[in-house]
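A.B. asks:
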Amino acid sequence: AVAVKQHAEHEAGLQRDYAALEVEVASMREMHSKRETGLRDQHTTREAELLAKQSDLLTKHSGLLGKHSELTRETDILRTKLSEAEGRAVQKHELIENVSSKAATDLDEARAALAE
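Just add 1273 to wherever you are in the sequence shown, counting from 1, and you've got this note's numbering.
Laid out in structure tokens, this is it:
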């Protein structure tokens, strides 16, 4: 009878311990679930921030590519204008040299004619 009573008390103690462990496990599961949800929310928020930043950078990059293209076109136009201006300057220089040479020849001829 004593052994049966001790066995029953021992079994009741084990059941109380098991119930306490079940409560502790449920509490840990709930904490784990909350922590997992919190981390998932943080991840989602951070991912959205990074995607927004990436989008901003792509927009800026696209804008810079457009400016680069525009500057390249303007540079090409200026190079063409410079080349044309250099060509005109060479022509004017040659014309001046020709006129100057002709004037010198005419002057020499006039001096020679006057000397006669």
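Even glycine gets a Cβ: it sits at the ideal position worked out from N, Cα and C.
#1: Quick one: grab the DSSP three-state call for residue 1362.
#2: If you draw a straight line from the alpha carbon of residue 1283 to that of residue 1300, how long is it in whole angstroms?
#3: Under the three-state reduction of DSSP, which class applies to residue 1347: helix, strand or coil?
#4: Tell me the rounded alpha-carbon separation between residue 1349 and residue 1343.
C.D. replies: This is what the structure gives:
#1: Translated into positions along the sequence shown, residue 1362 becomes position 89. In the three-state reduction of the DSSP assignment, residue 1362 falls in the helix class.
#2: For the purposes of this step, residue 1283 is taken as the residue at position 10 of the sequence shown. For the purposes of this step, residue 1300 is taken as the residue at position 27 of the sequence shown. CA-CA distance, residue 1283 to residue 1300, rounds to 26 Å.
#3: What you label residue 1347 is simply residue 74 of the sequence shown in a count that begins at 1. In the structure shown, residue 1347 sits in a helix (DSSP, three-state: H, G or I).
#4: As a working note, residue 1349 is residue 76 in the sequence shown. As a working note, residue 1343 is residue 70 in the sequence shown. The alpha-carbon atoms of residue 1349 and residue 1343 are separated by roughly 10 Å.
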